[in-house]
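Engineer: So the protein sequences, as listed, match chains W and V. For the first sequence, the tail end lands on 1010 under our numbering, and the numbers increase by one without skipping. For the second sequence, the tail end lands on 147 under our numbering, and the numbers increase by one without skipping.
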Amino acid sequence: MSLNGSAVIVGAYEHPGRRLPGHTLAGVHRDVVAGALADAGLSITDVDGFFTDSSAPGFGVIDLVQHLGMQCTYTESSEMGGASYVAYVGHAAAAIAAGKCRVAVISLAGLPAQRQRVSPPDTPPPAAAYQVNGYSGGYGPVADYAVLARRHMHEFGTTSEQLAWVKVASSRHAALNPHAFLRDEVTVDDVLGSSLIADPLHKLDCCVVTDGGGALVVVHPDVARELGRSGATLRGQGESHKASLAGDVDLTYSANRRSGELAFAEAGITAEQVRYASLYDSFTITVLVALEDLGFCSRGTAGSFVQDGGLVSGTGRLAVNTDGGGLSSNHPGNRGGMTKVIEAVRQLRGEAHPALQVPDLEFAVASGTGFRLSTNHYSSTIVLERFA
Amino acid sequence: MTHHFPGGLPTPRPVIEPDAEPWWDAAGRGELTVPYCEACGRPFWYPRGFCPRCGSTGVVWRPATGEGTVYSYTVVRRAAEPWGSHTPFVLAYVTLDEGVTVQTNIVDCSSDVLEPGLRVRAVFERADDADLPVLRFTPVDPVH
Ligand SMILES: [Zn+2]
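1) Round the Cβ separation of W/V911 and W/Y875 to the nearest angstrom and send it over; I've been treating them as touching at under 8 Å.
2) For chain W, check one thing: does any of its Cβ atoms lie closer than 8 Å to the Cβ of V/P21?
3) Going by Cα to Cα distance, which pick from W/A678, W/S792, W/D668 is closest to W/T809?
4) Which of helix, strand or coil does DSSP assign to W/V831?
5) Determine the chain V residues that contact W/T906 at a beta-carbon separation under 9 Å, and present them in chain order.
6) So with Cβ pairs under 8 Å, would you call V/R129 a contact of chain W?
7) Is the separation between the beta-carbon of W/R968 and that of W/E984 shorter than 8 Å?
8) Quick check: is the beta carbon of W/Q753 nearer than 8 Å to any beta carbon in chain V?
9) What is the chain-ordered set of residues for which the beta carbon lies under 5 Å from any non-hydrogen atom of ligand 1?
10) Starting from W/R994, trace the beta strand (DSSP E) in both directions and tell me its first and last residue.
11) Name, going along the chain, the residues of the segment 43 to 67 of chain V whose beta-carbon falls closer than 9 Å to a beta-carbon of chain W.
12) Does the beta carbon of V/A125 come closer than 8 Å to any beta carbon on chain W?
13) Tell me which same chain residues have a C-beta within less than 6 Å of the C-beta of V/I19, skipping the five on either side of it?
14) Can you tell me whether V/I19 is helix, strand or coil according to DSSP?
15) May I ask whether a heavy atom of ligand 3 can be found less than 7 Å away from the beta carbon of W/G703?
16) Which of the three DSSP states is assigned to V/W64 in this structure?
17) Which chain A residues are close to W/L873, counting only those with a beta carbon under 8 Å from its beta carbon?
18) Does the distance from the C-beta atom of V/V37 to that of V/L121 stay below 8 Å?
19) When burial is assigned at 16 or more other CB atoms within 10 Å of the CB, is W/T937 buried or exposed?
20) Three-state secondary structure (DSSP) at W/G968?
21) Can you tell me where the alpha helix (DSSP H) holding W/F778 begins and where it ends?
22) Am I right that W/S989 and W/L901 are in contact with their C-beta atoms under 8 Å? What's the rounded C-beta distance?
23) Where does W/V740 fall in DSSP's three states?
24) By Cβ distance, which residues of its chain are closer than 7 Å to W/G639, with the 5 residues on each side in sequence left out?
25) Name the chain W residues that come within less than 7 Å of V/V103, Cβ to Cβ?
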């Protein structure tokens, strides 16, 4: 069974908030689900499939399902970190293709800025003892990505200036997004002048921490045709895991390499046909590695690909994260996959900011990675086509 | 600008998987061992009682040279406790001469020599006798 053409994203909604004091996770879920269903022209009683991550308030996912008033025949709350919301699009399409549901809602809510901690692991991972002190936390994710950046620099001559260009491009996009958390354009010098968190990554190499969320409505193609709303047809989806590989560590590529191959193969297209990409941007280095892994540039060349505005829509080599991405706009609940899919849908519908809209866009890619790229991580990639 | 990164970093008290006790027993004696799979003949990391490549439980724990090469590193400048009071410190990947690459810290090291390719040797640190011996590395060349 191929997922090519099996489902259409007909609703997409991003919560406009970035700091939500007084809100609850259940309340944010309600707001974003209502927003996405209104966008699709559907109601909560149409929903028979529901997908969210392990932070759902209550028992698994079913407390939230009853709270929102859904009658589901298919639910999922598997945890893949930042890859989750890209993967769920494929999982929803598979459930639809198998006849398990017809109208699936994918919902993300997070309140990390309100210190509403979600799902702390209550058992240490089995590797913790040997990955010494970092694996289970302690010094945070920045260091885990910094070792990637250092190796990329060592092998390929990538520079801090080139990494900074990823942030500069995102800030130029965010300047046009009224909801972006950071709306000021920054320069390469601003990035290099911000404090080092873990060499060579500076504060401005890191994504924002924001409250908020978003939701998607994924439906059977027959439902999509009845609705008459534009959207995005799923053409291909892939996912993959990469870890310490029994000690054969190579930090110069990520699980995106395999998930991208699978997604493009299912879609029957290549990266050359894609003029917009939503790339996971937990850190600037995350984008560089994804560009190489997904085939937008060759191995080791992402530094020169992104420099001098390479990712700025309209004037660059590839339009990336035209909402401002996680680096400048939004990274709700520390899981950026949802906003990646939403901006790809905006671009395919022609609903991105007019100055950043890619004209006559046919295909878009969204890709997300979850957990730590230097140790244990998961990725998912989707290829979408305009549905009109 | 030269900074000396000292030893004495925090040592955790993780739960030991019973099938890896031979590794910890050796570490407690200050000896670095590397698990090898008897079926496929290759070393693997991290230590466990089965081969992550082929699933064989035929594991032998061979003494390692204890030396390796820095594959990549970062100087961590901001962290939560208990690490916060030890910043800046070095998080690194070291490729052992046996071929496996290990996530670790570099201690007793000058920032002047810290780079991929630096030759390092294993040391075991524990903050007190109740802690587990944590595998870390320090430059082979003592002038550094
Ligand atoms: Zn084996």
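Even for Gly, the Cβ is constructed at its ideal location relative to N, Cα and C.
Structural biologist: With the given structure in hand:
1) 7 Å
2) no
3) W/S792
4) coil
5) In chain order: nothing, as chain V lies at least about 14 Å away.
6) It does not: the Cβ of V/R129 has no partner Cβ on chain W nearer than 8 Å.
7) No.
8) With a pLDDT of only 49 at W/Q753, under 50, the local geometry of the prediction cannot be trusted, and the value read off the model is given with reservation. Cβ-Cβ to chain V under 8 Å: yes for W/Q753.
9) V/C40, V/A42, V/C43, V/C54, V/R56, V/C57, V/S59
10) Looking at the DSSP string, W/R994 is not in any beta strand (DSSP E), and its letter there is neither H nor E.
11) R45, P46, F47, W48, Y49, P50, R51, C54, P55, R56
12) Cβ-Cβ to chain W under 8 Å: no for V/A125.
13) Answer for V/I19: W27, listed in chain order.
14) Coil at V/I19, not helix or strand.
15) This structure simply doesn't include ligand 3; it includes ligand 1 instead.
16) strand
17) As a matter of chain content, chain A is missing from the structure shown, whose protein chains are W and V.
18) no
19) Exposed.
20) Gly is not the amino acid found at residue 968 of chain W; the sequence shown has Arg there. Helix.
21) 763 to 778
22) Yes, they are in contact, since the Cβ atoms of W/S989 and W/L901 sit about 6 Å apart, within 8 Å.
23) Because W/V740 carries a pLDDT of 48, less than 50, the predicted location of this residue cannot be relied on, and no value is offered for it.
24) Non-local beta-carbon contacts of W/G639 in its own chain, meaning distances under 7 Å to residues more than five positions away in sequence, involve D833, G834 in chain order.
25) G869
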